[in-house]
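Chemist: Can you read through this structure? Questions will come right after.
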DNA sequence: CCTTTCTGCGTATGTCGTACGCTGTTATGC
DNA sequence: GCATAACAGCGTACGACATACGCAGAAAGG
């Protein structure tokens with residue numbers, strides 16, 4: 018019976034372990050000239066300024082005044098860097114719900130907080146996600162979301178499902194609005210003219226006889242006026258919370 | 018007043034226009050040796066077999082027995098090819114709801130149909146979407162979804178929002194499950210051991226005092242058993258439909 | 001038949017991630 | 001004080017990729 022170390026489960030990338038503070042500096046060798054947080058912050062700054070596509074290893078290195086390959090002493094791969102960028106990009110969660118907040122108000126605040134982050138950091142949506150969250154801030158968001166549901170009679174699995182449902186909605190809504198915005202910028206259309214332009218395009222393509230319902234939507238002018246994206250977000254959020262409320266009530270009975 | 022041609026709105030890529038059948042062959046020049054559909058089908062086959070990352074222009078060309086640059090006579094860019102791949106990959110919509118179907122049953126069928134497509138074509142989720150749908154089949158799905166809501170008192174804009182909400186949910190759920198699956202395959206873990214392994218990893222990282230709610234979820238064994246992903250999907254779907262039902266009832270009153 | 005217009009595609013360019021190995025630095029064990 | 005081990009920085013090189021450009025040959029109109 019050999020001594021079993023605690024390395025059960027799949028291997029965790031070294032840089033993630035250091036994000037949890039589980040890594041000390043080796044006793045020998047030269048002092049590191051950079052640090053993982055400095056690299057990640059620089060990468061985030063590049064993404065904020067020029068988008069995720071601008072984040073290349075050479076660009077980040079140049080920004081730091083270092084050579085490209087120097088970065089690989091700190092992060093194992095670009096994917097690892099991206100994972101850490103997501104953690105930093107989201108930032109700390111909005112914190113546990115204030116006392117005397119019911120679950121619905123708490124989750125509303127939670128969802129709006131993520132909405133706000135994604136509105137300012139659209140590139141977060143373009144990071145290819147490779148697995149469930151294991152970075153500190155990500156799990157912090159989860160924790161605070163779970164706490165909102167503390168007073169309910171939902172099972173632990175149901176709480177988790179509810180959070181997944183909500184965060185999925187927030188991400189999806191943000192993806193849609195940012196796509197419209199980015200597509201418009203690429204085509205050189207004013208943001209306010211985006212939806213009308215899309216409506217005209219669709220109107221030109223479809224045959225009203227084959228797409229009657231879609232045609233009705235178009236003639237109703239739904240795509241002609243640009244709604245406040247926040248209204249759109251609030252609409253879906255209320256629908257989902259209504260659905261969750263039905264479940265919470267049933268469990269409470 | 019110059020004659021206004023119908024090229025209002027942003028430019029539509031040539032290959033998309035040909036997907037709508039709005040393009041005839043030029044009268045001169047050699048006969049084309051390939052066709053856009055043949056190229057797209059080949060690309061879809063490659064993605065089905067080896068994932069979206071394997072879809073490069075050179076790989077598709079090789080598969081067709083042609084040179085890389087020959088493809089550019091048919092599609093303007095790789096992005097254009099991807100857009101067409103999405104259209105073909107989704108395939109035709111499940112059709113309008115059968116007669117005497119209420120909106121909830123219709124949308125349930127609609128959502129499960131997309132769920133099924135995404136389960137078989139996980140790569141669809143990895144295609145970076147650059148704008149609102151303008152390809153024939155995509156708008157076909159939209160049309161059929163709208164028809165499900167024909168009998169309700171919802172406004173046209175609300176119908177659209179409801180569909181966006183649903184399709185967003187379906188995509189998000191599929192993204193999560195496929196990420197777990199892909200992440201597990203990359204780490205060499207059995208699919209059934211994925212969630213437990215994730216649970217152990219999180220348990221090792223978090224401090225129960227700082228993440229009490231998360232710790233409670235872990236000790237409840239939520240992540241230890243792997244649920245049927247279809248159950249998870251059905252759970253969220255019912256929540257959302259409950260929320261929509263509340264709205265439909267309010268409008269009907 | 002000649003010109004126009006198109007197809008197929010070879011070549012070349014620039015960008016990217018990253019494997020490999022050399023050079024110089026630092027702290028430890030003697 | 002000195003050898004040595006462990007590490008930091010990074011120059012070079014490789015393979016993959018999207019794609020701009022331009023040339024050769026094919027098909028149809030005049």
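Protein chains in written order, with this note's numbering: chain A, 18 to 270; chain B, 18 to 270. Built from N, CA and C at the ideal position, the CB exists for glycine as well.
Quick one: what's got a C-beta closer than 8 Å to residue 186 of chain B's C-beta in the same chain, skipping five residues either side?
Modeler: 128, 253, 254, 257
Chemist: Let me see if you follow: with CB-CB separation under 8 Å, is residue 96 of chain A close to chain B or not?
Modeler: Chain B, which has no Cβ nearer than 8 Å to the Cβ of residue 96 of chain A, makes this no.
Chemist: Given that a residue counts as buried once 16 or more other Cβ atoms are within 10 Å of its Cβ, and exposed if not, what is residue 39 of chain A?
Modeler: Label assigned to residue 39 of chain A: exposed.
Chemist: Report, in whole angstroms, the separation of the C-beta atoms of residue 154 of chain B and residue 119 of chain B, which I expect to be a contact under 8 Å.
Modeler: Not confirmed; about 26 Å, so no contact.
Chemist: Jot down the residue ranges of each uninterrupted alpha helix (DSSP H) in the stretch 58-111 of chain A, minimum 4 residues, whole runs only, in chain order.
Modeler: 74-81, 95-107
Chemist: I want to see whether chain A comes within less than 8 Å of residue 252 of chain B, judged by CB atoms only; does it?
Modeler: yes
Chemist: So residue 196 of chain A is in the alpha helix (DSSP H); what residue range does that whole segment cover?
Modeler: 173-204
Chemist: What does the alpha-carbon distance come out to for the pair residue 189 of chain A and residue 194 of chain B?
Modeler: 16 Å
Chemist: Roughly how many whole angstroms lie between the Cα atoms of residue 43 of chain B and residue 198 of chain B?
Modeler: Roughly 47 Å separates the two Cα atoms.
Chemist: So, at 6 Å on beta carbons, what are the nonlocal neighbours of residue 229 of chain B in its own chain, with the 5 sequence-adjacent residues on each side left out?
Modeler: none
Chemist: Report the three-state DSSP secondary structure of residue 131 of chain B (helix, strand or coil).
Modeler: helix
Chemist: Examine chain B for any beta-carbon lying closer than 8 Å to the beta-carbon of residue 260 of chain A, and answer yes or no.
Modeler: yes
Chemist: Compute the Euclidean distance between the alpha carbons of residue 196 of chain B and residue 224 of chain B, then round it to the nearest angstrom.
Modeler: Cα to Cα, residue 196 of chain B sits roughly 26 Å from residue 224 of chain B.
Chemist: Which whole-angstrom value describes the C-beta separation of residue 102 of chain B and residue 88 of chain B, a residue pair presumed to lie in contact below a C-beta threshold of 8 Å?
Modeler: Actually they do not touch by this definition, with Cβ atoms about 13 Å apart.
Chemist: Is residue 150 of chain B buried or exposed, if buried means 16 or more other CB atoms sit within 10 Å of its CB?
Modeler: buried
Chemist: From which residue to which residue does the alpha helix (DSSP H) around residue 158 of chain A run?
Modeler: Its alpha helix (DSSP H) spans residues 153-165.
Chemist: Should residue 247 of chain A be labelled buried (16 or more other beta-carbon atoms within 10 Å of its own) or exposed?
Modeler: Residue burial is scored here from C-beta neighbours: residue 247 of chain A has fewer than 16 other C-beta atoms within 10 angstroms and is therefore classed as exposed.
Chemist: Just the C-alpha distance for residue 143 of chain A and residue 144 of chain B, rounded to the nearest angstrom, thanks.
Modeler: 11 Å
Chemist: Whether or not the stretch 170-178 of chain A and the stretch 124-140 of chain A are in contact is what I'm after, with contact meaning three or more pairs of Cβ atoms, one per stretch, closer than 8 Å; do they touch?
Modeler: In this structure the stretch 124-140 of chain A does not touch the stretch 170-178 of chain A; the number of beta carbon pairs closer than 8 Å is below three.
Chemist: Excluding five sequence neighbours on each side, which residues of the same chain lie with their C-beta closer than 7 Å to the C-beta of residue 216 of chain A?
Modeler: 235, 240, 241
Chemist: Using a threshold of 8 Å, state whether the C-beta atoms of residue 271 of chain A and residue 148 of chain B are closer than that.
Modeler: Because residue 271 of chain A is not part of the residues shown, which for chain A are 18 to 270, the question remains open.
Chemist: With DSSP run on the structure shown, which of helix, strand or coil describes residue 263 of chain B?
Modeler: helix
Chemist: Since residue 133 of chain B contacts residue 184 of chain B with CB under 8 Å, what's their CB separation in whole angstroms?
Modeler: At roughly 14 Å, the Cβ-Cβ gap does not stay under 8 Å, so residue 133 of chain B and residue 184 of chain B are not in contact.
Chemist: Can a CB atom of chain B be found closer than 8 Å to the CB of residue 117 of chain A?
Modeler: no
Chemist: Buried or exposed: which applies to residue 28 of chain A, given that a residue is buried once 16 or more other Cβ atoms fall within 10 Å of its Cβ?
Modeler: exposed
Chemist: Among the candidates A:90, A:49, A:220, whose CA atom is the shortest distance from the CA of residue 31 of chain A?
Modeler: Distance check between residue 31 of chain A and each of A:90, A:49, A:220 places A:90 closest, using alpha-carbon atoms only.
Chemist: Give the residues of chain A in contact with residue 200 of chain B, contact being defined as C-beta atoms less than 8 Å apart.
Modeler: 147, 148, 149
Chemist: Between the alpha carbons of residue 233 of chain A and residue 166 of chain B, how many angstroms are there, rounded?
Modeler: Near 12 Å, if we compare the C-alpha coordinates of residue 166 of chain B and residue 233 of chain A.
Chemist: What separation, rounded to the nearest whole angstrom, lies between the Cα atoms of residue 264 of chain B and residue 78 of chain A?
Modeler: 52 Å
Chemist: Could you have a look at residue 18 of chain A and say whether DSSP puts it in helix, strand or coil?
Modeler: With a pLDDT of only 38 at residue 18 of chain A, under 50, the local geometry of the prediction cannot be trusted, and no value is derived from it.
Chemist: What do you reckon, are the CB atoms on residue 222 of chain B and residue 37 of chain A nearer than 8 Å?
Modeler: yes
Chemist: Only counting the same chain, and skipping five residues up and downstream in sequence, which positions put a Cβ closer than 7 Å to that of residue 182 of chain B?
Modeler: For residue 182 of chain B, where only same-chain residues beyond five positions count, the Cβ hits under 7 Å are 257.
Chemist: Give the DSSP-derived three-state secondary structure of residue 236 of chain B in the structure shown.
Modeler: helix
Chemist: Measuring alpha carbon to alpha carbon, tell me which of B:82, B:161, B:60, B:267 ends up nearest residue 124 of chain B.
Modeler: B:161
Chemist: Run down chain A in chain order and give the residues with a C-beta less than 7 Å from the C-beta of residue 178 of chain B.
Modeler: 249, 252, 253
Chemist: If you reduce the DSSP assignment to three classes, tell me which class residue 120 of chain B lands in.
Modeler: Residue 120 of chain B falls in the helix class under three-state DSSP.
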